[in-house]
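Participant: Here it is: the structure, laid out below.
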Amino acid sequence: MISNSEYNVLGINRTQDGSACLISGSKIVWAIQKERLTRKKHHWGKLGDVSSIYLPLIRNFNKPIDVVVECYSSDDEFLQKDNYHSELKENIQFRDSCNIIQIPHHLAHLYSAAPVSGFSDSAVMIIDFMGSPIQHSEKIWTPSDTIHYTDKDVEIASYYKWDNGRANCISKIFWDQNRNKGLGLGFFYQSLANCLFPGEGTEGKVMGLSSYGNHLELPMPPLIVEAGRVTIPDEWLTLFSASKPFNSNSSKDRNFEVCATIAAAGQRAFEEALLETTRWLYSVTNTENLCFAGGIAINCVANKRLQETGPFRNLFIPPAPNDAGTAIGCAIYGTKLVSNDLSKSTWGNDYLGPKLNIEIEQLPIDQLKKFNCEIIQDSVKTICDLLVQGAIIGLMQGEAEFGPRALGHRSILAIPTSIRVRDLINSNIKGREWFRPLAPIVIASDAHKYFDIKKPSPFMLYSCN
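Numbering-wise (the working numbering), the sequence shown opens with residue 20 and increments by one.
Following this line, the structure appears as structure tokens:
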């Protein structure tokens with residue numbers, strides 16, 4: 020155990036939304052998603068990330084490292100573990116010995132939430148599409164004698180009780196990856212997204228589309244929830260296989276209305292099952308606090324219902340509950356290994372981006388010119404004047420956000436009182452569907468004037484009217 024308060028721990032997420040985090044002592048020095056450096060959305064972790072991306076582009080990466088903690092998921096990257104470790108040995112300055120460990124995917128999610136929640140005790144709910152294979156999962160759970168597990172099984176939901184820095188696994192749900200018998204909220208929502216939109220990472224589109232539909236127009240059976248295990252009725256599986264992507268270019272297209280109804284019905288069924296899951300977890304943990312992480316926790320519409328009608332009095336969702344956040348979870352787990360003290364672990368803001376070896380003069384100016392853009396200095400008056408004139412501004416200031424939301428440091432700014440602004444940003448800048456919402460930002464003290472919101476929402480993880 021290291022008594023030096025300046026121990027350094029590097030956490031790395033090797034899967035979707037590849038990311039890295041450096042903690043010195045108990046402070047997060049920096050954390051960054053790979054996509055912010057490569058400009059490829061949801062960029063997966065790959066061999067060469069440390070040597071070719073993180074080290075060259077991050078200025079203060081070269082600290083002596085006491086331990087590297089990494090996590091993988093259910094993809095094949097784990098088969099490259101020896102090569103990953105060789106890369107670390109060749110590029111990282113270790114303080115004493117080459118200390119590299121792996122922790123299960125869901126355990127990394129847990130440590131990204133519970134230690135930084137401010138709760139001394141809490142229930143912890145980790146739900147995503149797929150986590151670690153069963154052979155790489157924690158060994159402290161006791162599976163039911165009535166369920167037969169195989170090497171194909173992967174964790175899809177994990178439930179814990181967190182008590183003063185100790186995690187007790189209550190239950191883990193596994194799935195054999197048989198898509199004809201889908202299991203879990205992660206599979207359900209991904210299948211819902213795939214039947215409406217082509218490609219990966221389209222779950223956010225479903226959430227936006229659902230507000231244009233009426234779930235009552237598509238009577239479907241509820242998802243079956245039993246002690247945290249969510250089973251999908253055959254009617255839903257049939258619908259997923261039969262639906263076709265809609266024409267996103269026209270709000271008058273009948274296909275749009277049909278798909279909006281499917282999205283609304285799916286969103287509603289998802290929310291009801293999530294609420295039922297929390298009721299079960301509340302009954303077995305005897306605590307008023309809930310920590311929630313995993314890809315499912317990105318759904319801000321469902322989070323609103325959890326916050327307002329769920330059984331837990333207090334709800335904490337970390338700024339990056341998706342896979343990117345597991346890098347911070349890995350680093351925090353490492354601090355426990357080297358110091359046995361999590362009392363000072365904090366994740367109070369999301370501005371964790373490191374100083375980069377990239378200057379504004381290196382940006383693609385030629386691309387800016389063709390959009391009639393110019394770079395201006397940091398002038399509040401200039402920005403305000405331009406906003407009033409209808410300009411759209413890309414704001415870059417301070418450390419970048421680590422999580423998936425733009426929170427004022429790497430953000431698009433525009434005046435919110437014009438519908439034209441939404442259409443321009445969606446079509447010309449973001450290149451996405453016309454119905455996708457934009458999130459407005461106001462001074463915290465004025466939030467009640469514009470929004471029906473009773474609790475702070477600093478990380479854009481809760482919707483409100």
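Here a beta-carbon is modelled for each residue, glycine too, at the ideal position from N, C-alpha and C.
1. If distances are taken between C-alpha atoms only, which option among 293, 109, 135, 460 comes closest to residue 243?
2. Give the secondary structure of residue 429 by DSSP, where H, G and I count as helix, E and B as strand, and everything else as coil.
3. Across the region 437 to 449 and the region 459 to 469, are there enough close Cβ pairs to call them in contact, namely three or more that are closer than 8 angstroms?
4. With a threshold of 16 other CB atoms inside 10 Å of the CB of residue 91, please say whether the residue is buried or exposed.
5. Helix or strand or just coil, what does DSSP make of residue 250?
6. Does the region 101 to 108 come into contact with the region 131 to 146, if we say contact requires no fewer than three beta-carbon pairs (one atom in each stretch) closer than 8 angstroms?
7. Regarding residue 123 and the ligand MN, is the C-beta to nearest heavy atom distance less than 7 angstroms?
8. Going by alpha carbons, who is nearest to residue 456 out of 469, 473, 435?
9. Are the CB atoms of residue 252 and residue 478 within a distance shorter than 8 angstroms?
10. For my contact list, residue 42 and residue 28 are in at a C-beta cut-off of 8 angstroms; report their separation, rounded to the angstrom.
11. Please state the DSSP three-state secondary structure of residue 194.
12. Give me the residue from 142, 200, 406 with the minimum Cα distance to residue 187.
13. Is it true that the CB of residue 36 sits closer than 8 angstroms to the CB of residue 3?
14. Grab the span of the alpha helix (DSSP H) containing residue 46 for me, first residue to last.
15. Just list the residues that DSSP pairs residue 123 with in beta bridges.
16. Classify residue 453: buried if its beta carbon has 16 or more other beta carbons within 10 angstroms, exposed otherwise.
17. What is the rounded straight-line gap between the Cα of residue 228 and the Cα of residue 317?
18. Three or more C-beta pairs under 8 angstroms: does that hold for the region 172 to 181 against the region 192 to 210?
19. Below 8 angstroms CB to CB, which residues in the same chain sit around residue 323 once its five sequence neighbours on both sides are set aside?
20. Flag this pair as yes or no: are the beta carbons of residue 203 and residue 176 separated by less than 8 angstroms?
21. Along the chain, where does the alpha helix (DSSP H) that runs through residue 67 open and close?
22. Assuming residue 14 and residue 417 make a contact with CB atoms under 8 angstroms, what is their CB distance in whole Å?
23. Ordered along the chain, which non-local residues of its own chain (more than five positions away) have a Cβ less than 8 angstroms from that of residue 80?
24. Do you know offhand how far residue 156's Cα is from residue 440's?
25. Bridge partners for residue 73 per DSSP, in chain order?
26. If you reduce the DSSP assignment to three classes, tell me which class residue 164 lands in.
27. Does chain B have any CB closer than 8 angstroms to the CB of residue 454?
Facilitator: In brief:
1. 293
2. strand
3. no
4. buried
5. strand
6. no
7. The ligand MN is not part of this structure, which contains no ligands at all.
8. 435
9. no
10. 5 angstroms
11. strand
12. 142
13. Coverage of the chain is limited to positions 20 through 484, which leaves residue 3 absent and any answer about it impossible.
14. Segment 46 to 52 is the beta strand (DSSP E) holding residue 46; no alpha helix (DSSP H) there.
15. Residue 123 pairs with nothing; no bridge assigned.
16. exposed
17. 15 angstroms
18. yes
19. 481, 482, 483
20. yes
21. Run containing residue 67: none; DSSP gives neither H nor E here.
22. Since the first residue of the chain shown is 20 and the last is 484, residue 14 is not available in this structure.
23. 41, 73, 74, 373
24. 47 angstroms
25. Bridge partners of residue 73: none, in fact.
26. Only weak support exists for where residue 164 lies, its pLDDT of 44 falling under 50; the coordinates are left without a value.
27. The structure shown contains no chain B, having only a single protein chain.
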